[in-house]
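See below for the structure under consideration.
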Amino acid sequence: MDWRSPPSGVSEIRRSLVHRPRRFEAGRPIQRTQPFPRLMIADIIPFIIECEKLKSVQRRTKVVGTDRRENSAEHSWSLTLLAMGLFPQMEVPLDQLRVLKMLLIHDIVEIDAGDTFCYTARADKAECEQLAADRLFALLPVDLAKEFMALWHEFEAGETPEATFANSLDRMLPLIQNLNNNGQSWREHGITYEQVIERNGVIRRSSPVLWEQVEAMLLDAAGKGILPKAVPQS
Numbered sequence: 022m023d024w025r026s027p028p029s030g031v032s033e034i035r036r037s038l039v040h041r042p043r044r045f046e047a048g049r050p051i052q053r054t055q056p057f058p059r060l061m062i063a064d065i066i067p068f069i070i071e072c073e074k075l076k077s078v079q080r081r082t083k084v085v086g087t088d089r090r091e092n093s094a095e096h097s098w099s100l101t102l103l104a105m106g107l108f109p110q111m112e113v114p115l116d117q118l119r120v121l122k123m124l125l126i127h128d129i130v131e132i133d134a135g136d137t138f139c140y141t142a143r144a145d146k147a148e149c150e151q152l153a154a155d156r157l158f159a160l161l162p163v164d165l166a167k168e169f170m171a172l173w174h175e176f177e178a179g180e181t182p183e184a185t186f187a188n189s190l191d192r193m194l195p196l197i198q199n200l201n202n203n204g205q206s207w208r209e210h211g212i213t214y215e216q217v218i219e220r221n222g223v224i225r226r227s228s229p230v231l232w233e234q235v236e237a238m239l240l241d242a243a244g245k246g247i248l249p250k251a252v253p254q255s
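Under this note's numbering, think of the first position of the sequence shown as 22, with each following residue one higher.
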């Protein structure tokens with residue numbers, strides 16, 4: 022056999038990788054009618070380099086056990102680990118790869134739009150983040166740009182089971198960090214038990230089993246004074 026010829030079956034595998042049969046657009050799988058364009062490393066580098074800036078976007082929560090604020094890239098990485106740990110507990114089957122993709126890209130827009138504290142209203146948030154998504158994803162080859170934009174919109178809409186789960190983790194991680202950091206960002210911003218319960222309702226929609234555990238942890242935190250309950254108005 023000619024050493025330059027691929028072993029039997031390899032050619033078929035290569036073709037299956039080039040002609041990717043399915044992709045997701047706004048959360049729906051659609052058939053790909055054209056071969057996936059052959060990409061070079063140079064096609065991806067501008068986007069990757071631009072995403073380095075996410076490592077400089079600071080969040081309100083501090084890295085547990087330190088006095089340093091977490092950055093948004095660290096947040097996204099921690100979310101993927103949390104997802105991988107909780108997939109086995111989910112009551113319904115999920116497209117796990119799609120969840121991980123959403124978690125990795127959902128905060129990329131903060132490179133331009135900045136991080137918005139979850140308990141603070143910001144009127145121009147949606148507009149600023151859409152402009153950021155338009156600019157950042159335009160750095161990618163067209164096919165990838167469409168895929169990333171669809172995943173980002175799916176996460177923002179929070180309607181599919183995968184997006185609901187991804188959003189619930191996005192709420193759950195700061196909660197876990199605060200519970201293990203003496204309520205750091207809750208205390209700094211005067212956040213109450215009632216606000217946290219309302220903010221994290223998406224966890225209940227995604228998984229009643231997970232919510233039962235989260236609610237028990239919050240009640241325990243309230244009892245210890247880490248997460249104070251609101252003072253009734255007289």
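Every residue, glycine too, gets a C-beta built ideally from N, C-alpha and C.
Where residue i falls, given that 16 or more other Cβ within 10 Å makes a residue buried
i: P229; result: exposed
i: A237; result: exposed
i: L157; result: buried
i: K122; result: buried
i: D128; result: buried
i: H210; result: exposed
i: I126; result: buried
i: A178; result: exposed
i: E215; result: exposed
i: R25; result: For R25, the predicted model reports a pLDDT of 42, less than 50, meaning its position is unreliable; a value from the coordinates is still stated below. Its Cβ having fewer than 16 others within 10 Å, R25 is exposed.
i: M170; result: buried
i: V163; result: exposed
Distance CB(residue i)-CB(residue j) smaller than 8 Å
i: L75; j: L100; result: no
i: V235; j: F186; result: no
i: T87; j: P195; result: no
i: A154; j: I132; result: no
i: R192; j: I218; result: no
i: D136; j: S93; result: yes
i: P182; j: V113; result: yes
i: L172; j: E71; result: no
i: N221; j: V85; result: no
Bridge-paired residues (DSSP) for residue i
i: R90; result: K83
C-alpha distance - residue i paired with residue j, whole-angstrom precision
i: R80; j: E91; result: 6 Å
i: F108; j: G246; result: 31 Å
i: C149; j: N188; result: 20 Å
i: P249; j: D241; result: 11 Å
i: E175; j: V78; result: 23 Å
i: I69; j: G244; result: 45 Å
i: L231; j: Q110; result: 8 Å
i: I212; j: A63; result: 46 Å
i: L239; j: I197; result: 10 Å
i: A104; j: S97; result: 11 Å
i: L165; j: E180; result: 22 Å
i: Q151; j: E168; result: 15 Å
i: A184; j: S227; result: 9 Å
i: A251; j: M61; result: 56 Å
i: Q117; j: K146; result: 28 Å
Open item on the list: Quick check on the DSSP output: what are the complete alpha helix (DSSP H) runs of length 4 or more inside the segment 124-205, in order along the chain?
Closed with: Runs found: 131-134, 146-158, 163-178, 182-200.
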